[in-house]
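Following: one structure in structure tokens, then a few remarks.
There are 2 protein chains.
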Amino acid sequence: MHLWNGYHPEMVTDYYQFTMAASYWKEGMEGTATFSLFVRDYPPHRAYFVAAGLESLAAAIQEYRFHPDSLEYLRSLGKFPKGFLDYLARFRFTGSVRALPEGRIFFSQEPLLEVTAPILQGQLLETLALNTLHLETLLASKAARCVAAARGRPLVDFSLRRTQGVDAGLKTARSSYITGFQGTSNVLAGRLYGIPVYGTMAHSYITSFQHEMDAFRAYARVFPDNTVLLLDTYDTLSAAEKAVLLAKELQKQGKALRGVRLDSGDLLHLSQKVKDLFRHHGLDEVAVMASGNLDEYRLEELLSQGACIDAAGIGTRLGVSADAPYLDMAYKLVEYDGRPIVKLSPGKTTWVGRKQVFRSYGSSGVMEEDVLGLAEEEIPGTEPLLLDIFRNGERVRPEESLQDIRRRFQEDWARLPEKYKVLRPTERYPVRISDALRTLQDRVTRARKREEVGDLGGVRSEE
Amino acid sequence: MHLWNGYHPEMVTDYYQFTMAASYWKEGMEGTATFSLFVRDYPPHRAYFVAAGLESLAAAIQEYRFHPDSLEYLRSLGKFPKGFLDYLARFRFTGSVRALPEGRIFFSQEPLLEVTAPILQGQLLETLALNTLHLETLLASKAARCVAAARGRPLVDFSLRRTQGVDAGLKTARSSYITGFQGTSNVLAGRLYGIPVYGTMAHSYITSFQHEMDAFRAYARVFPDNTVLLLDTYDTLSAAEKAVLLAKELQKQGKALRGVRLDSGDLLHLSQKVKDLFRHHGLDEVAVMASGNLDEYRLEELLSQGACIDAAGIGTRLGVSADAPYLDMAYKLVEYDGRPIVKLSPGKTTWVGRKQVFRSYGSSGVMEEDVLGLAEEEIPGTEPLLLDIFRNGERVRPEESLQDIRRRFQEDWARLPEKYKVLRPTERYPVRISDALRTLQDRVTRARKREEVGDLGGVRSEE
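Chains as they are written, first to last, in this note's numbering: chain A, 1 to 463; chain B, 1001 to 1463.
Next up, the structure:
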């Protein structure tokens, strides 16, 4: 039963968040901490990310409290010190959150989110923040590439059947809509987000009729204004002839065949032949839609070879971000109780302190350089990207409409230089570390090495 | 708000299921259909699949009905013929479902599920069935490989932070537990499925203290019986020295350090050096746990090189099935109104008719061959794998415990020949097509080609 019920956000976490929280509580550690969420590096063929997921996370933080059934479960584990669960029962988020609004383009090492709160609170949000922002940012970043490859042709998200769960299906529809998809096949996303839904027929529909032509005609009877015929059930070119016949039958009723869809086979040549056939019959306006294992690479290949594709459905490879199914996203403590924090684990640099991203634009309005600096720095002529979302536990930036987020992405996209938009970029966008940040990083790193590496000189014996 | 609320299963679908359903309804097509769900082919390095997800799907089918808000949304689209939504309001699943129980090992082209129902009902379940079975089967198949590579060492699922959503995180915990993981870090999975939860501390915990040793001691104060120290925050070998010190401090209290965790760096050499240090101090029982970008390939490599790893946490690469983030799983109409159905789309063979998988075992009990045949065939000496789950809309096979499913997987795993269990198998398990199925397939394929391919001879003009 629970499988289709809601989740309590406080349970969407790794168990160690609770053991650490119990220790902070036991030690009386109530100092303010800042945690910074960022992507360490690019997956292959990526040169930018698109921020997404903040609305989901903000909603979860607003609702974040310990429900009785959650507390009961934690109690049943029999692991926590007396009093800790009572403390959780009174838990409310009282901290601050700064973040990139959804739809903004950002780069590796730049914080997408910073949480400043009593350490226990910031710690408990880690897994929830990562899971939420990781998924939508991953998908939006993939979807933007598909939109670029489609060169203005409308795209529809067809991914739900093979996304990694229902969540992922919803977020694919939402993220791809942010980056310019026209709509989705996902009915739940249509209902929850108001995204336009599209779709007409599957092979099962065609094959359930005695003859393909019977199926075509039956569909047009019930949806005469919106018929897109699937052509590849038996033989695409034979089906295209039947589509011409149906288009003419519709014309006699004052209607028009909307389009056809090719879902398998040699999409390059089939799309050309089908388009030629329609043109030959004066049916230029019948759209040729492609689907079936498409992604940005295949789309670009087909279009650059001259495929006659007017629109495309992008499914599985978008919905699982198949060529890069995860980002190396992390959520790290960078300051505690006024003390800047680093860790020294190899290959996992974390920039110290509360930070800000300062973006500068060239005279034509094109993005020129980002500076990663400390939050309190002021860098004239730049745009600070992280905005206040929560202050003292209160949400200070209201929920945004999907249309506004979509518009924000369009604005950033227009300002991103072309060389980063290509499918196999060879350059990285310049993100400079401010002098103040680098100086602090070096100082703290040296101190930590001196104190923690080597013999046990720094260890006081236990009182 | 809705983001953390439940989903109605009838909305977890592609829009075209409703347009097709509307046409079936309008045409009065009430014949019985069978839809077959299977994986077309193996991803690279795969030679078997582990069936999972049936409990989720069965729960959704049991709850499947059109809620008023769903109907209201569909009505708001303004696309459906009068009367169709009233029909949906009365909709109940009255069909039959046959499926592989969870935990069974199966192979490409073998149906994992067959739905036999009035066509409209079977059609509406397509996306839901695919999304549900695809995710859990994908993850269970990946997790089984990790268990094999760990050669008996306990594994814990650490994936939640970067799974593709909360759903996927839950299903990773569940699927990996089915295939033999010891537990998960995922608290929600612990609560919903009763899976043991594990975890101790992150780098943030260590760095929040003035000194690493302070953090180690503080943790041991609150969890003296269950302390696993994270060693790679500053310098793994320096931290190992501190761990030895703490272990001795714990010994004085009659307690024992449970283990240490290495999360970055050269895990081969670090694990050996750390293990040596503990042995040198007579602390042989302190477990060395590894984590950080692990998967079956890395585990096998480390263990074959002699890494001293007693247990491992497997995260992102398991949770997104990184080397194979999707399966080519399909749900196809194979029979309608007594008529066997095929489609001819290139590269997408679907075997016709209601089917059964017949498995035979050698004298030692090892799996020998599967036969894919028609459901009504009887093949002596074989085990038919598909079992009745729903009959006439009623669930006839009760919900199973996760322990039972886990046991079933163990049984099948013990019977699977070793050559298919290796990480890079070079052979495929033999799945033979029965004579009856092949004969039927050939006959129907020929008829379809004759009738649907070529000129428009088969098309009767529209009355």
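C-beta atoms are modelled at their ideal positions from N, C-alpha and C, and glycine is treated no differently.
Taking a beta-carbon distance threshold of 7 angstroms, E452(A) counts as an interface residue toward chain B. Using a C-beta cut-off of 8 angstroms, the region 1288-1303 of chain B makes contact with the region 1146-1164 of chain B, since at least three inter-stretch Cβ pairs fall below that distance. Apart from the 5 residues on each side of it in sequence, I379(A) sits with its Cβ closer than 7 angstroms to the Cβ of F358, V371 and G373 in its chain, given in chain order. Rounded to the nearest whole angstrom, the CA to CA distance from E1368(B) to R258(A) is 52 angstroms. Here T34(A) is bridged, per DSSP, to T116(A) and E335(A). Every beta strand (DSSP E) of 3 residues or more that sits fully in the region 224-287 of chain A is shown, in chain order, as 228-230 and 259-262. Put simply, the backbone Cα of Y1073(B) is about 47 angstroms away from that of S363(A). The DSSP-derived three-state label of G319(A) is helix. Within the DSSP secondary-structure output, V166(A) pairs in no beta bridge. Nearest CB-CB separation between I105(A) and chain B: not below the 7 angstroms threshold.
Per DSSP, R391(A) is not a residue of any alpha helix (DSSP H); the beta strand (DSSP E) it occupies stretches across L387 to R391. Runs of the beta strand (DSSP E) lying entirely within the region 363-444 of chain A and spanning at least 3 residues, in chain order: 367-374, 387-391 and 431-433.
For the options S1264(B), K1343(B) and Q1403(B), the alpha carbon positioned closest to that of T1445(B) is the one of K1343(B). Comparing alpha-carbon positions, the option among Y1042(B), A1021(B), D1284(B) and A1022(B) lying closest to E1427(B) turns out to be Y1042(B). Going by DSSP, Q1062(B) is part of the alpha helix (DSSP H) stretching over L1054 to E1063.
In the structure shown, D1214(B) falls within a helical segment according to DSSP collapsed to helix, strand and coil. In summary, the residues of the region 1157-1168 of chain B whose CB is separated from some CB of chain A by less than 7 angstroms are L1160, R1161, R1162, T1163, Q1164, G1165, V1166, D1167 and A1168, in the order they occur in the chain. Three or more beta-carbon pairs drawn from the region 35-53 of chain A and the region 321-339 of chain A are found closer than 8 angstroms, and the two stretches are therefore classed as touching. Secondary structure of T1179(B) (DSSP, three-state): coil. If you compare the alpha carbons of V1166(B), G1165(B) and P1196(B) with that of I1178(B), the shortest gap goes to P1196(B). The C-alpha of P1111(B) is placed about 47 angstroms away from the C-alpha of L1231(B).
Considering only beta carbons, no part of the region 1087-1111 of chain B lies closer than 8 angstroms to chain A. Per the C-alpha coordinates, the member of L1139(B), T1184(B) and R1151(B) positioned closest to G165(A) is L1139(B).
Taking C-alpha positions only, D442(A) is separated from R354(A) by approximately 16 angstroms.
The DSSP-derived three-state label of A1150(B) is helix. Within the same chain, and ignoring the five residues on either side of L1100(B) in sequence, the residues whose Cβ sits closer than 7 angstroms to its Cβ are A1051, F1106, L1112, L1385 and L1386. Within the region 197-222 of chain A, those residues whose Cβ lies closer than 9 angstroms to any Cβ of chain B are, in chain order, V197, Y198, G199, T200, M201, A202, H203, S204, Y205, I206, T207, S208, F209, Q210, H211, E212, M213, D214, A215, R217, A218, Y219, R221 and V222. By the criterion of a C-beta distance shorter than 7 angstroms, R448(A) is surrounded in its chain by V342 and L344, once the five residues flanking it on both sides are discounted.
Nearest C-alpha to D1014(B) among T184(A), Y219(A) and S434(A): T184(A). In the DSSP annotation of this structure, the continuous segment of the alpha helix (DSSP H) that includes D69(A) starts and ends at P68 to S76.
For Y1361(B), DSSP records a beta bridge to M1367(B). Exposed is the label assigned to V396(A), since fewer than 16 other Cβ atoms lie within 10 Å of its Cβ.
For M29(A), the closest of H1134(B), L1071(B) and Y1205(B) by C-alpha to C-alpha distance is Y1205(B). The beta-carbon separation of G1095(B) and P1118(B), rounded to 7 angstroms, stays under the 8 angstroms limit for a contact.
In the three-state reduction of the DSSP assignment, T1184(B) falls in the strand class, which pools E and B. Under the three-pair Cβ rule at 8 angstroms, the region 299-309 of chain A does not count as touching the region 321-328 of chain A.
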